[in-house]
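Colleague:
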Amino acid sequence: TVSVITISERGQMAAATSTNGAAHKVPGRVGDGPIVGSGSYVDGEVGGCGATGDGDLMMRFLPCYQAVENMRRGMSPSIAAEDAVRRMLRRFPLIQAGLVVVDKNGNFGAAASNWVFTYSWRSGSMSNPEVVTVQPI
Amino acid sequence: CATLPFVINTWGGPFTVTTDAAFVALKSSATALDAAEAGASACEVSQCDGTVGYGGSPDERCETTLDALIMDGTTMNAGAVAGLRRVKNAIGVARRVLEDTQHTLLVGDHATAFALEKGFLEVDLATDESRSICYAWKENNCQPNFRVGFGSESCPSIESYTPDFPPIKHNTPIITHSFPQSHD
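The listed protein sequences derive, respectively, from chains A and B. Throughout the first sequence, residue numbering follows my numbering, covering 5 to 141 in sequence. Throughout the second sequence, residue numbering follows my numbering, covering 187 to 370 in sequence.
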């Protein structure tokens, strides 16, 4: 799954997710990718979030909506992401999840559970993306 | 903290095609929405690590279906497709749902019908690689699977999906992936 968040030069924000889901799924199964608030979520007044992981479980928690609302209430992107992942971990200790979170000013962070997660970012005058590794909580 | 424009996306490695495509779009004054679509689309075309786009994650009947979502942070408008069949550019169809309807999510064959109405091409999303992954899975008694209490005796009864139109021979190079554990 790819989830991406963009901020334009004028500060507009958008988010997108695309996936072909889980292998060997029961035909008709849909994961969390296309679910607003789970695959990704963005509110230009606050920030955005993109996710990947065990979609069957994640869509029950809407982690990206949670992360954005966490930022609305003052958390930093990293703390907001970690809180959203911890909420899922508490009920499903083996859940594999990865979240990237950015606020409207370009401050960003990430959190993951039960796998080593990576994310890519690029901004301003960077000529190449930077890939960051995130250790699981 | 980063200066604008700004892009962040899940995963590194092959997924940096998304970062670059979205960033290049932003640098050429595309809107955030166009850039997000461009980024996701780049991953659909290149398949990234096999979990995005055609030819990946075959279901029990060896069919690949696609899910996509796009959201505008300024208007909070969103468009999504789930279980999209036989159309490659899932994020493009999701964008059309956002722009051309008041809905948020279209699913399955009806999402495909909407896509065809919008001029998207109908193709077989399975590839030789995804089919061989699926057949190998069946050879392995359909393990692992998402069923509860699924006895291996039920495995052979899962017949394969055959597209109801002649598969188009892909001339794109077959990218061999080692698929990670099954997730979204």
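All C-beta atoms, glycine included, are put in the ideal place defined by N, C-alpha and C.
1. Just mark N24 (chain A) as buried or exposed, buried being the case when its beta carbon has 16 or more other beta carbons within 10 Å.
2. Kindly list, in the order they appear in chain A, the residues whose Cβ is closer than 8 Å to that of N195 (chain B).
3. On the DSSP letters alone, give me the boundaries of the beta strand (DSSP E) that V231 (chain B) sits inside.
4. Sorted by chain position, which residues of the same chain lie with C-beta nearer than 8 Å to A211 (chain B)'s C-beta, five sequence neighbours on each side aside?
5. Any idea what DSSP makes of C53 (chain A), helix, strand or coil?
6. Please confirm whether D245 (chain B) and T5 (chain A) have their CB atoms less than 7 Å apart.
7. Step through the CB atoms of chain B and report whether any lies within less than 7 Å of the CB of F96 (chain A).
8. Quick one: using the 10 Å Cβ neighbour count with 16 as the cut-off for buried, is G32 (chain A) buried or exposed?
9. Give the straight-line distance between the Cα atoms of C214 (chain A) and A297 (chain B), rounded to the nearest whole angstrom.
10. I'd like to know whether the C-beta atoms of L98 (chain A) and P67 (chain A) end up nearer to each other than 7 Å.
11. For a test of the three-state rule: what should DSSP assign to N74 (chain A), helix, strand or coil?
12. I'd like to know whether the C-beta atoms of A71 (chain A) and V120 (chain A) end up nearer to each other than 7 Å.
13. Applying the 10 Å Cβ sphere with the 16-neighbour rule, what's the burial state of H28 (chain A)?
14. In the DSSP assignment, find the unbroken beta strand (DSSP E) run with G278 (chain B) in it and report its ends.
15. Opposite S7 (chain A) in the DSSP bridges: which residues?
16. Between the alpha carbons of W323 (chain B) and R333 (chain B), how many angstroms are there, rounded?
17. Taking the C-alpha atoms as reference points, what is the distance between I277 (chain B) and A268 (chain B)?
18. Which residues does DSSP pair with F112 (chain A) in a beta bridge?
19. If you pair each beta-carbon of the segment 226–239 of chain B with each one of the segment 289–296 of chain B, do three or more pairs fall below 8 Å?
20. So what does DSSP say about A211 (chain B), is it helix, strand or coil?
21. Quick one: which chain A residues come within Cβ less than 9 Å of E308 (chain B)?
22. In this structure, does DSSP put M257 (chain B) in helix, strand or coil?
23. Check the DSSP bridge columns for A264 (chain B) and list the partner residues they point to.
24. Between the segment 32–44 of chain A and the segment 81–94 of chain A, can you find at least three pairs of beta-carbon atoms closer than 8 Å?
25. So with CB distances below 9 Å, who are the chain B contacts of V30 (chain A)?
26. Within 7 Å of any Cβ in chain A, is that where the Cβ of P353 (chain B) sits?
27. Roughly how many angstroms lie between the CA atoms of V193 (chain B) and G335 (chain B), to the nearest whole one?
28. For chain B, find out if any of its Cβ atoms is closer than 7 Å to the Cβ of A71 (chain A); answer yes or no.
29. Taking Cβ-Cβ distances below 8 Å as the criterion, which residues of the segment 246–270 of chain B are in contact with chain A?
Modeller: Based on what the coordinates show:
1. N24 (chain A) comes out buried.
2. Correct list: V6, S7, V8, I9, G54, V104, Y123, S124 and W125.
3. Unbroken run through V231 (chain B) is the alpha helix (DSSP H), A218 to S232; no beta strand (DSSP E).
4. For A211 (chain B), where only same-chain residues beyond five positions count, the Cβ hits under 8 Å are D220, A221, A224 and G225.
5. Residue state, collapsed to three classes: strand.
6. Going by beta carbons, D245 (chain B) and T5 (chain A) fall outside the 7 Å limit.
7. The beta carbon of F96 (chain A) sits no closer than 7 Å to any beta carbon of chain B.
8. The residue is exposed, with fewer than 16 neighbouring Cβ atoms inside 10 Å.
9. This structure cannot speak to residue 214 (chain A), because chain A is shown only from 5 to 141.
10. Contact flag unset, no.
11. The DSSP-derived three-state label of N74 (chain A) is helix.
12. In this structure, V120 (chain A) does not lie closer than 7 Å to A71 (chain A) by Cβ.
13. Around the Cβ of H28 (chain A), a 10 Å sphere holds 16 or more other Cβ atoms; the residue is buried.
14. For G278 (chain B), no beta strand (DSSP E) segment is defined; the enclosing uninterrupted segment is the alpha helix (DSSP H) at A276 to D286.
15. According to DSSP, which records beta bridges pairwise, S7 (chain A) is partnered with A:T21.
16. Rounded to whole angstroms, W323 (chain B) to R333 (chain B) spans 14 Å at the Cα level.
17. For I277 (chain B) and A268 (chain B), the distance between alpha carbons rounds to 11 Å.
18. According to DSSP, which records beta bridges pairwise, F112 (chain A) is partnered with A:V106.
19. The segment 226–239 of chain B is not in contact with the segment 289–296 of chain B.
20. Residue state, collapsed to three classes: helix.
21. Listed along chain A, no residue sits closer than 9 Å to E308 (chain B) by beta-carbon distance, the nearest being about 17 Å off.
22. Look at M257 (chain B) here: in three-state DSSP terms it is strand.
23. According to DSSP, A264 (chain B) bridges with B:M257.
24. The answer is no - the segment 32–44 of chain A does not touch the segment 81–94 of chain A, with fewer than three Cβ pairs under 8 Å.
25. Near V30 (chain A) (Cβ distances below 9 Å), the residues of chain B are D245, E246, N331, F332 and R333.
26. For P353 (chain B), the pLDDT reaches just 42, beneath the cut-off of 50, and the residue's location in the model is therefore unreliable, leaving the point undetermined.
27. So the two alpha carbons sit approximately 43 Å from each other.
28. No - not a single Cβ of chain B is within 7 Å of the one on A71 (chain A).
29. Result list: E246, R247, E249, T250, T251, L252, D253, A254, L255, I256, M257, D258, G259, T260, M262, A264, A266, V267, A268 and G269.
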